[in-house]
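A short write-up of the structure that comes next.
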Amino acid sequence: MIINETDIMMDLTGQPIPLASGAESLVTGLDCLIQDIRNEAVTTEGECFYDTSYGWSLLDFAHREYDELEKIGLQNRIKEKLAKRKEINQRSICITITQLPDDIIGIHLEFKIKNSDIPYLMDLSMDGAEVTVL
675 MIINETDIMM
685 DLTGQPIPLA
695 SGAESLVTGL
705 DCLIQDIRNE
715 AVTTEGECFY
725 DTSYGWSLLD
735 FAHREYDELE
745 KIGLQNRIKE
755 KLAKRKEINQ
765 RSICITITQL
775 PDDIIGIHLE
785 FKIKNSDIPY
795 LMDLSMDGAE
805 VTVL
């Protein structure tokens with residue numbers, strides 16, 4: 675699948691990465707898609723003024739009693755958001771959720787791009803205040 679997207683390259687905290695000249699560096703193609711998925715994962719629905727459905731709103735699951743039902747709800751939210759992307763093979767989406775010490779939830783994602791056998795991995799952590807891409 676050909677991906678023709680281009681964006682400003684950002685680090686894992688969402689800050690632009692400048693070139694040595696001071697100009698913004700760009701990210702294109704598949705790297706741009708992966709960056710956009712990372713950004714959407716840490717965004718709450720409604721934060722993006724031009725697309726109010728953009729964002730996974732994972733903090734909706736913070737400050738709740740974490741049990742099997744919450745785990746399934748969190749997995750479903752992530753899967754639904756990833757499945758909206760036409761570039762991703764929906765059958766390849768695998769989500770593992772782990773309860774970590776100090777009420778931190780670890781999220782491991784694995785998916786493949788359509789017509790590709792290469793798995794893409796992403797790890798997130800969620801505490802009561804923020805979602806972080808690891």
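Each residue of the sequence shown is one higher than the last, beginning at 675 in our numbering. Beta carbons are placed, not taken as given, at the ideal position from N, Cα and C, and that holds for glycine. Remember, it's a predicted structure, so these values are computed and weren't measured experimentally.
- Under the three-state reduction of DSSP output, arginine 712 falls in the helix class.
- Bounds of any alpha helix (DSSP H) do not take in asparagine 789, whose DSSP letter is neither H nor E.
- The residue among Ile677, Ile778, Gly688 with its C-alpha nearest the C-alpha of aspartate 801 is Ile778.
- In the pairwise beta carbon analysis, the segment 737 to 747 is classified as not touching the segment 717 to 728: fewer than three pairs are separated by under 8 Å.
- Around the beta-carbon of isoleucine 691, fewer than 16 other beta-carbon atoms lie within 10 Å, marking it exposed.
- In this structure, DSSP gives glycine 720 a state outside helix and strand, which the three-state scheme calls coil.
- Excluding five sequence positions before and after glutamate 698, the CB atoms of its chain that fall closer than 7 Å to its own CB belong to Ile682, Pro690, Pro692, given in chain order.
- Counting along the chain, the unbroken alpha helix (DSSP H) around arginine 751 starts and ends at 742 to 757.
- Here isoleucine 779 is bridged, per DSSP, to Gln773, Met800.
- Boundaries for aspartate 734: no beta strand (DSSP E) harbours it, and the DSSP string shows neither H nor E there.
- Closest by C-alpha distance to isoleucine 781, out of Trp730, Asp797, Thr726, is Asp797.
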